[in-house]
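Visitor:
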Amino acid sequence: MKKVFTILAAVLITASVFAQTPEKMTYQAVVRDDNSTLITSTQVGIEINIYQGSASGTLVYTETQTPTTNVNGLLSIEIGGQTGFDLIDWANGPYFIETNIDMTGGTNYTITGVSQLLTVPYALHAKTAETITGGITETDPVFTGSEANNITSADITNLSNLSGTNTGDQDISGVAINTQAIQDTANQIRADIPDVSGFISTETDPVFTTWNKDYADLTNKPKIADTVSAVIDTTTQFVRKSSHWIKNGNNLHYSNGLVGIGVAIPTASLDIYDNVGNPFLKFVSEDNVYTQWISDRANVDDYLIGIDGGNNRFTFANITTGNYPLVLQNDNVGIGILNPTEKLHVVGNIQMEGQIKNVTDPTDAQDAATKAYVDNKASTKYQVGDFAQGGIVFWVDETGEHGLVCAKSNQDGGSGVRWYAGTNGVTRATGDGPFSGELNTLIIISSQVSIGDNGEDYAAQICNDLQITEGGKTYGDWYLPSKEELNLMYQNKTIIDATATANGGSAFFCPHGLWSSTEDTNNNAWRNGFNGAEYSTTKDFQAEIRAIRSF
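Residues in the sequence shown are numbered consecutively from 1044, following our numbering.
(1) Does the region 1488-1501 come into contact with the region 1522-1530, if we say contact requires no fewer than three beta-carbon pairs (one atom in each stretch) closer than 8 Å?
(2) Suppose you measure from the CA of SER1312 to the CA of ASN1361; what does that come to, to the nearest Å?
(3) How close, in whole Å, do the beta carbons of THR1083 and VAL1114 come, if the pair is a contact with beta carbons under 8 Å?
(4) THR1470: buried (16+ other C-beta within 10 angstroms of its C-beta) or exposed?
(5) List the whole-angstrom C-beta distance separating LYS1582 from ASN1571, where the pair is believed to meet the contact cut-off of C-beta under 8 Å.
(6) Could you check if GLN1432 is buried or exposed, using at least 16 other CB atoms within 10 Å of its CB as the buried criterion?
(7) Can you tell me the Cα-Cα spacing of GLY1434 and PHE1594, whole angstroms?
(8) In whole angstroms, give me the CA-to-CA distance for ASN1143 and CYS1553.
(9) Could you say which of ASN1574, LEU1482, PRO1137 lies nearest to LEU1161 if we only look at CA atoms?
(10) May I ask whether a heavy atom of the ligand SAM can be found less than 8 Å away from the beta carbon of ASN1293?
(11) Got a sec, what are the start and stop residues for the beta strand (DSSP E) LEU1313 sits in?
(12) Please check the pair GLN1071 and LEU1117, which I expect to be a contact at CB under 8 Å, by giving their CB distance rounded to whole angstroms.
(13) Kindly indicate the opening and closing residues of the alpha helix (DSSP H) around THR1544.
(14) Between VAL1448 and ARG1592, is the Cβ-Cβ spacing less than 9 Å?
(15) Any beta carbon from chain B within less than 9 Å of GLY1514's own beta carbon?
(16) Please say whether THR1542 and PHE1430 have beta carbons closer to each other than 9 Å?
(17) Indicate whether ALA1472 and GLY1548 have their beta-carbon atoms separated by less than 9 Å.
(18) Is ILE1122 near GLN1095, with beta carbons less than 9 Å apart?
(19) Measuring straight from C-alpha to C-alpha, what distance separates VAL1402 and LYS1386?
(20) Once you ignore the five residues that flank GLY1149 on each side, which residues in its own chain have a CB closer than 6 Å to its CB?
(21) Does the beta-carbon distance from ILE1494 to ALA1464 come in below 9 Å?
(22) Can you give, in chain order, each stretch of the beta strand (DSSP E) that sits fully within the region 1456-1533 and has at least 3 residues?
(23) At the level of alpha carbons, what is the spacing between ASP1374 and ILE1380?
(24) Would you kindly report the start and end of the unbroken beta strand (DSSP E) that includes LEU1387?
(25) Between the alpha carbons of ALA1197 and LYS1067, how many angstroms are there, rounded?
(26) By DSSP's criteria, THR1155 is part of a beta bridge. Which residues make up the other side?
(27) So, with DSSP's three-state summary, where would you put LEU1557?
(28) In the DSSP assignment, find the beta strand (DSSP E) that holds GLN1095 and state where it starts and stops.
(29) Enumerate in chain order the residues of its own chain whose CB-to-CB distance from ILE1308 is below 6 Å, with the five nearest sequence positions on each side excluded.
(30) For THR1581, which of helix, strand or coil comes out of DSSP?
(31) Which residues bound the beta strand (DSSP E) around SER1549?
(32) How many angstroms separate the CA atom of THR1442 from the CA atom of GLU1499?
(33) Is the separation between the beta-carbon of SER1097 and that of PHE1139 shorter than 9 Å?
(34) Among all the DSSP beta bridges, which residues are the ones paired with GLN1108?
(35) Starting from the C-beta of THR1109, find all residues in its chain whose C-beta is less than 8 Å away, skip the five residues before and the five after it, and write them out in chain order.
(36) Taking a contact to mean a Cβ-Cβ separation below 9 Å, would you say LEU1557 touches PRO1477 in this structure?
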C-alpha cells in the first residue's frame, strides 16, 4: 500500500509581523509507494477536506491541488486558497484534516490520511476576541446608524423657509385673518375659503347634460354627410341605419334584401366570397358533438347535413322522412343506414347500368369468377412464430411470403444421433446460410454411400426421410439445417418454444446441442450448443436434431 507521512499540518504563513494574517496554512507530506520507496519529482493529485467535530463529522472546507514532490519525496502546499476557508470558526472545534492522494496527478484518489488539528492555528483564531472585560464607552457611534443620516439638503432648505417656532406641527390658524393670503401674489396657502363668490364670476363651460343634443346646434360639425341618417330604436336603444337591421333580444336579422360578405353585390340571401384561399364558412360546435346545416322548405321534405363529433359521423339525411341517403362513419359508407359497419353498407336494392370491375383481373371476369380469381391469387403473409407450412415459422424474407419452418419437436428420439453414416470422409457439404441446408443434406447422403454406410440411422438421413402431417396436409421435404439456419432458430428460440407447446409439440431440449448439415473437416462437423456458441465436433458424437423445410 502506498503511504503518505505528514510532516507539518498547521503552520501559519505570515508575510510580516505587522501584516494582516493570511487565510492559509502550510501542509507537508512525504509520499512512498508499496515498497516504501520515495515518490520523487512527481506531480500528484491531492484533495484536502476539513471536518468539524470528528473525522467523519461535518465537512466545512475542501479543495484540490496538483503539487510536485521534490527529490526527497516531500510535497509542500498551502491550504486555504478556496472560498469558505475564512468562514471556519476555529473556536468551535475539534477539527480534523483528511488528505486523499492520486499518484498519477488525477482525481482517482487511492491514498487517504486523517489527523486531528490538535492546535488551532493561532493567527486564524486570534482574529476573534475571546472575552472583553471592563466597560466600553462609545463616543463616536457609526453615523449611518443615526436618524440624522436621513436628512437631505432639500430638507434643510425647507426647514429654513419656515417662520415662527419651527418645531412640531405648524399652526396656520392666523392666516385666515390675513387678507393677503388669498391674493394671487401671496406666497402662503389659505386653509379654507368660506365664500367662492369673490373667486368665480362667470361659467364658460356649462354642464353637458343640459344640452338637448340637437345636431343642428353644433358648430364645427364632424365630417358626416348630412344625407346619412341614423335612427335610435326606441325599444332596443341601438343605433341603426334605416330600419332593415333589427335586434330582437340576443338575435339580429336583416329584414330587406341580400347580405354579402366579401362581395359588393350579393346574389343570394347570404353570399360569401374569399379570394385568399381561406375557408368560406366555418361552423364550430362548443361541445364538439354536433354541427348541422338544415334546408327548411315549406310543404316539402327538409334535408340536413350534419357532423356528429361524438360518433365520428358525417350525415346527409332527409329529416322529414327519416331516410339517410348518405352516411360516412369510421371510414365506412352507408346508404339508407345510419351506422354502416362495412366499407360500403347499403340497405335496399342496387341497380347498376355498368359493370363491377376488378383491376387485378386481366380477363375482366365478373361476380363469382372475379372473387375466385382474387382469392386464388392472394398471397399469404407470414411472420416469425406462425404455426404454418407443417411447422413453426422462424425466418421470412422481405416479402413475408417465403421463409423457413422447423418441426415442432426433435427427431433424435431423445438420446441424440451421430452425424455420419459410420465412416469418416470429406463429403463437401460446406454450404451455409438460409436454404443451403437442403443441398447439404442431399450431398451428405450421396457421399456417405461411397465413403461408407453401415446401415444405422444418422442425422441427414433421418431428416430426409421425415414425413409430417399438419392440417390434413403431409409435408415430406424436410432437411438437416445449415449452421446459419441453426443460428436463426436459436435467435427465435423463445417464440418457437411457445408456438410448439401451444400446438402439441415440445420446447427445445438439446443438452448435447443440435447438429448442423455444415461439414468442417473429414472428421468434424459443426454443432450449435444452443447457448450462443458453435463447436466443431467429431462426426460420431451423439447430438440432437430438429428438421426444417423451406416454403
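Cβ atoms here follow ideal geometry from the backbone N, Cα and C, with glycine treated the same way.
Guide: Let's see:
(1) Counting Cβ pairs under 8 Å, fewer than three are found: no touch.
(2) Each residue's Cα considered, the two are about 23 Å apart.
(3) So it is a contact: roughly 5 Å between Cβ atoms.
(4) Classification for THR1470: buried.
(5) Going by Cβ atoms, the distance from LYS1582 to ASN1571 rounds to 15 Å, so no, they are not a contact pair.
(6) Burial is judged here by how many other beta carbons sit within 10 angstroms of a residue's own beta carbon; GLN1432 has at least 16 and is buried.
(7) Cα to Cα, GLY1434 sits roughly 11 Å from PHE1594.
(8) Computed Cα separation, rounded: 55 Å.
(9) It is PRO1137 whose Cα lies nearest to the Cα of LEU1161.
(10) As for the ligand SAM, it is missing from this structure, which has no ligand bound.
(11) Segment 1313-1315, the beta strand (DSSP E) holding LEU1313.
(12) At roughly 6 Å, the Cβ-Cβ gap stays under 8 Å, so GLN1071 and LEU1117 are in contact.
(13) 1536-1545 is the span of the alpha helix (DSSP H), which, as asked, contains THR1544.
(14) Yes; because the gap between Cβ atoms is below 9 Å, this pair is in contact.
(15) Note that chain B does not occur in the displayed structure, where there is just one protein chain.
(16) In this structure, THR1542 lies closer than 9 Å to PHE1430 by Cβ.
(17) In this structure, ALA1472 lies away from GLY1548, with their beta-carbon atoms at least 9 Å apart.
(18) Going by C-beta atoms, ILE1122 is not nearer than 9 Å to GLN1095.
(19) Only weak support is given to the placement of VAL1402: the predicted model assigns it a pLDDT of 48, under 50, and the value that follows is read from those uncertain coordinates. Straight-line Cα distance between these residues: approximately 18 Å.
(20) Taken in chain order, the residues that qualify are GLY1088.
(21) Contact: yes.
(22) Those beta strand (DSSP E) runs which fall completely within the region 1456-1533 and span 3+ residues are 1511-1513, 1516-1518.
(23) If you draw a straight line from the Cα of ASP1374 to the Cα of ILE1380, it is about 14 Å long.
(24) Per DSSP, LEU1387 belongs to the beta strand (DSSP E) from 1387-1389.
(25) Put simply, the backbone Cα of ALA1197 is about 50 Å away from that of LYS1067.
(26) Bridge partners of THR1155: ASN1143.
(27) Looking at LEU1557 - three-state DSSP - the assignment turns out to be strand.
(28) Per DSSP, the unbroken beta strand (DSSP E) holding GLN1095 starts and ends at 1088-1095.
(29) Excluding sequence neighbours, ILE1308 sits near nothing in its chain.
(30) In this structure, THR1581 counts as strand in the three-state DSSP scheme.
(31) For SER1549, there is no enclosing beta strand (DSSP E), as DSSP gives it neither H nor E.
(32) Counting only the Cα atoms, GLU1499 lies some 41 Å from THR1442.
(33) Annotated as proximal: SER1097 and PHE1139, with beta-carbon spacing under 9 Å.
(34) Its beta-bridge partners are ILE1089.
(35) Correct list, in chain order: GLN1086, VAL1087, GLY1088, ILE1089, GLY1148.
(36) No, the Cβ-Cβ distance between LEU1557 and PRO1477 is not below 9 Å.
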